[in-house]
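Residue numbers (my numbering), protein chains in the order written: chain A, 1 to 231; chain B, 1001 to 1103.
All residues carry an ideal CB built from backbone N, CA and C; glycine is no exception.
Everything numeric in this text was worked out from a predicted model, so none of it was measured.
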Amino acid sequence: MSSTSTPGDEQRNASLRAGFRAALPYAAVGFLLSMSFGILARDSGFPAEAAIVMSAIVFAGSAQFAAVSIIASGGTAGAAVAAAALMNSRFLPMGIALGPSLPGRAAWRAAQGQAVVDASWAMANRGDGTFDRWFLFGSTAPQYVMWIAGTTLGALGGDLFSDPSRYGLDAIYPTFFLALVISEVKDRTTLVIAIVGGLLALSLVEVAPAGLPVLAASLVALWGLRRGRTA
Amino acid sequence: MTATVWWTIAGCTVVTAVIKGVGPVALGGRDIPPRLIGVIALMAPALLAALVVTSTFAVGDRWHVGAHTVGVAVGGLVLLRRGPLIVAVVLAVAVTAGLRAIT
Chain A
1 MSSTSTPGDE QRNASLRAGF RAALPYAAVG FLLSMSFGIL ARDSGFPAEA AIVMSAIVFA
61 GSAQFAAVSI IASGGTAGAA VAAAALMNSR FLPMGIALGP SLPGRAAWRA AQGQAVVDAS
121 WAMANRGDGT FDRWFLFGST APQYVMWIAG TTLGALGGDL FSDPSRYGLD AIYPTFFLAL
181 VISEVKDRTT LVIAIVGGLL ALSLVEVAPA GLPVLAASLV ALWGLRRGRT A
Chain B
1001 MTATVWWTIA GCTVVTAVIK GVGPVALGGR DIPPRLIGVI ALMAPALLAA LVVTSTFAVG
1061 DRWHVGAHTV GVAVGGLVLL RRGPLIVAVV LAVAVTAGLR AIT
């Protein structure tokens, strides 16, 4: 197809490549994170193949950790799925923000929305209310592959390192997201929003079900209504 | 147990696909209202900071500060000094594991 490429194709390919490159550090850390998920899932009684299938078709780290933790503590499948839904609830406002940047009919936009993961969504955000969807797809691709690879290693090799917290693997997840926060904090407003959002979520941890404190933090972004940048 | 595991996976698959799919169609193909652009720009720092804070200063539904809190802080210093993410993560893990080994 290269002989018939148009400037639009070139723009698309450049975005795909830029997204791919930008996501490599996150994909590498995602590998370690999903390895700790694979170990945790095995420790919680998941067969290795179940852990790998879950990473391949759910592909949502915080929801997977939440669901497996609930099964490990003796909870029901319903409770585990409800916790996963709450952990994923942040993808609802993220998807609403992304929607106008996706072309096509509703079903096609919903399908493209499946490519959203936190790092890709944050990096594809142009900061003017629009998103570069090819950058999003390009950055999700390596994260998806490494997510499955890490889970496979953790689930199959997990007997070598049972009890992931002993090896400090529980420090991976917050450090991964801290890197994303630091790249998002560009001025005083975003710094204040990050601090207030974090404090709001922390204040709700002991009183609201897991996932809800994080969703509630998105309300802090409503401050953007008052910034008078509506031109 | 195995049935519970597979039902959990099936349920998580459905809810994740639905949640990720509903957002992009919620506005019915209309453009974002201009007043909401500022809100969207601020959503990432708010949501991501909440994920960091709830996983650094809490375990499950309890506030908790421990070895991993120190590890994440060390990783954060690396990131603030513009060090590579992978170095920050490896140091965070090493500090956390080290503290747990000696306490």
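Residue environment: residue 1101 of chain B is assigned as exposed (fewer than 16 neighbouring CB atoms within 10 Å of its CB, all protein chains considered). Beta bridge pairing from DSSP links residue 125 of chain A with A:131. A contact is defined here as three or more CB-CB pairs under 8 Å, and the segment 145-156 of chain A fails this definition with respect to the segment 205-225 of chain A. A Cβ of chain B is located within less than 9 Å of the beta carbon of residue 63 of chain A. Cβ neighbours of residue 174 of chain A within its own chain (closer than 8 Å, five residues either side excluded): none. Chain A has a Cβ within less than 9 Å of the Cβ of residue 1037 of chain B. The beta carbon of residue 1065 of chain B sits no closer than 9 Å to any beta carbon of chain A. Against chain A, the beta carbon of residue 1027 of chain B has neighbours under 8 Å at 96, 99, 100, listed in chain order. Residues 112 of the same chain have their beta carbon placed closer than 8 Å to that of residue 104 of chain A, with the five preceding and five following residues left out of the count. For residue 1086 of chain B, a Cβ of chain A is located within less than 9 Å of the residue's own Cβ. Apart from the 5 residues on each side of it in sequence, residue 37 of chain A sits with its Cβ closer than 8 Å to the Cβ of 51, 55, 61, 64, 65, 68, 150, 151, 154 in its chain, given in chain order.
A Cβ-Cβ separation of about 28 Å leaves residue 1062 of chain B out of contact with residue 184 of chain A under the 8 Å criterion.
Put simply, the CB of residue 1040 of chain B is near chain A, with a gap under 9 Å to one of its CB atoms. Interface flag for residue 151 of chain A against chain B is unset, since no Cβ pair is found closer than 9 Å.
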